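Some notes on the structure that comes next.
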Amino acid sequence: EPEVTQTPSHQVTQMGQEVILRCVPISNHLYFYWYRQILGQKVEFLVSFYNNEISEKSEIFDDQFSVERPDGSNFTLKIRSTKLEDSAMYFCASSGSIRRNTEAFFGQGTRLTVV
Amino acid sequence: GDSVTQMEGPVTLSEEAFLTINCTYTATGYPSLFWYVQYPGEGLQLLLKATKADDKGSNKGFEATYRKETTSFHLEKGSVQVSDSAVYFCALHVEGDKIIFGKGTRLHILP
């Protein structure tokens, strides 16, 4: 069964450092997303991406965040200068459509710890 | 704005007990409703969904019915197993491409 894969599964970084979280969406999907889950809290939408550009972003997704699809398979989330409050589980997702009844497929997540 | 509220956890039950996890929503449009499950150490998996009022989603013995009049989508299972221990997320999808999640409910099933 096709799946979304994320690497690394766990990343520890020092405050102020840049991190890149990587995702390989399902191959025929066109819509890509990043969500995050701070420990014990809800899963929050960060950004969606379609046709090589951001289609929607939340207020969390400020100038320190960026996304990129550098080739035909990868989808990355970059945090330029990490803060302690960026520590969270980051989930990548993809879907074949934006219709409201379409399932989004999620990866296993990358746990980011900023120290 | 659109939002999902689900019951606080953790919920602890004995094996074979009946499970209900409450979920209510607020939406400006006509949402599709989902339950996602996160097993320990794994990502989010779709458990079931319902796309219109009175639809019942079901999977692995779990059921939820889309109730427009009460804006609810409660998750139920008649007889839980230890393997059902996980975190359950209620979610909605109105239009465009954003899914909105509840805070999640952790379920512990005791043998």
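One line per chain: the protein sequences are A and B, in this order. The working numbering numbers the first residue of the first sequence as 19 and each following residue consecutively. The working numbering numbers the first residue of the second sequence as 320 and each following residue consecutively. For every residue, glycine included, the Cβ atom is placed at its ideal position computed from N, Cα and C. All figures in this text were calculated on a predicted structure; none of them were measured in a lab.
Coarse secondary structure for residue i, derived from DSSP in three states
{"i": "residue 91 (chain A)", "result": "coil"}
{"i": "residue 19 (chain A)", "result": "coil"}
{"i": "residue 48 (chain A)", "result": "coil"}
{"i": "residue 377 (chain B)", "result": "strand"}
{"i": "residue 404 (chain B)", "result": "coil"}
{"i": "residue 334 (chain B)", "result": "coil"}
{"i": "residue 57 (chain A)", "result": "coil"}
{"i": "residue 62 (chain A)", "result": "strand"}
{"i": "residue 395 (chain B)", "result": "strand"}
{"i": "residue 74 (chain A)", "result": "strand"}
{"i": "residue 424 (chain B)", "result": "strand"}
{"i": "residue 68 (chain A)", "result": "strand"}
{"i": "residue 32 (chain A)", "result": "coil"}
{"i": "residue 111 (chain A)", "result": "strand"}
{"i": "residue 116 (chain A)", "result": "coil"}
Candidates the options, of which the one nearest residue i by Cα
{"i": "residue 86 (chain A)", "options": "A:54, A:94 and A:55", "result": "A:94"}
{"i": "residue 364 (chain B)", "options": "B:327, B:412, B:429 and B:407", "result": "B:407"}
{"i": "residue 362 (chain B)", "options": "A:126, A:111 and A:39", "result": "A:126"}
{"i": "residue 42 (chain A)", "options": "A:123, A:101, A:131 and A:133", "result": "A:123"}
{"i": "residue 396 (chain B)", "options": "B:404, B:389 and B:360", "result": "B:404"}
{"i": "residue 427 (chain B)", "options": "B:367, B:344, B:331 and B:359", "result": "B:331"}
{"i": "residue 379 (chain B)", "options": "B:346, B:386 and B:400", "result": "B:400"}
{"i": "residue 383 (chain B)", "options": "B:359, B:358 and B:342", "result": "B:342"}
{"i": "residue 370 (chain B)", "options": "B:359, B:360 and B:392", "result": "B:392"}
{"i": "residue 26 (chain A)", "options": "A:121, A:120, A:110 and A:115", "result": "A:110"}
{"i": "residue 65 (chain A)", "options": "A:120, A:79 and A:90", "result": "A:79"}
{"i": "residue 388 (chain B)", "options": "B:424, B:429 and B:373", "result": "B:373"}
{"i": "residue 360 (chain B)", "options": "A:132, A:133 and A:128", "result": "A:128"}
{"i": "residue 96 (chain A)", "options": "A:38, A:31 and A:19", "result": "A:38"}
{"i": "residue 345 (chain B)", "options": "B:425, B:430 and B:421", "result": "B:421"}
Neighbour flag for residue i against chain B, beta carbons, 7 Å
{"i": "residue 29 (chain A)", "result": "no"}
{"i": "residue 124 (chain A)", "result": "yes"}
{"i": "residue 65 (chain A)", "result": "no"}
{"i": "residue 85 (chain A)", "result": "no"}
{"i": "residue 121 (chain A)", "result": "yes"}
{"i": "residue 127 (chain A)", "result": "yes"}
{"i": "residue 61 (chain A)", "result": "yes"}
CB contact below 7 Å: residue i versus chain A
{"i": "residue 426 (chain B)", "result": "no"}
{"i": "residue 340 (chain B)", "result": "no"}
{"i": "residue 334 (chain B)", "result": "no"}
{"i": "residue 361 (chain B)", "result": "yes"}
{"i": "residue 352 (chain B)", "result": "no"}
{"i": "residue 365 (chain B)", "result": "yes"}
{"i": "residue 375 (chain B)", "result": "no"}
{"i": "residue 420 (chain B)", "result": "yes"}
{"i": "residue 387 (chain B)", "result": "no"}
{"i": "residue 417 (chain B)", "result": "yes"}
According to DSSP, residues forming a beta bridge with residue i
{"i": "residue 387 (chain B)", "result": "Per DSSP, none; premise fails for residue 387 (chain B)."}
{"i": "residue 325 (chain B)", "result": "B:342"}
{"i": "residue 121 (chain A)", "result": "Residue 121 (chain A) pairs with nothing; no bridge assigned."}
{"i": "residue 86 (chain A)", "result": "A:94"}
{"i": "residue 366 (chain B)", "result": "DSSP, once it has assigned bridges, lists no residue as partnering residue 366 (chain B)."}
{"i": "residue 351 (chain B)", "result": "B:412"}
{"i": "residue 106 (chain A)", "result": "A:130"}
{"i": "residue 24 (chain A)", "result": "A:41"}
{"i": "residue 492 (chain B)", "result": "With chain B represented from 320 up to 430, any question about residue 492 (chain B) goes unanswered, as that position is not in the structure."}
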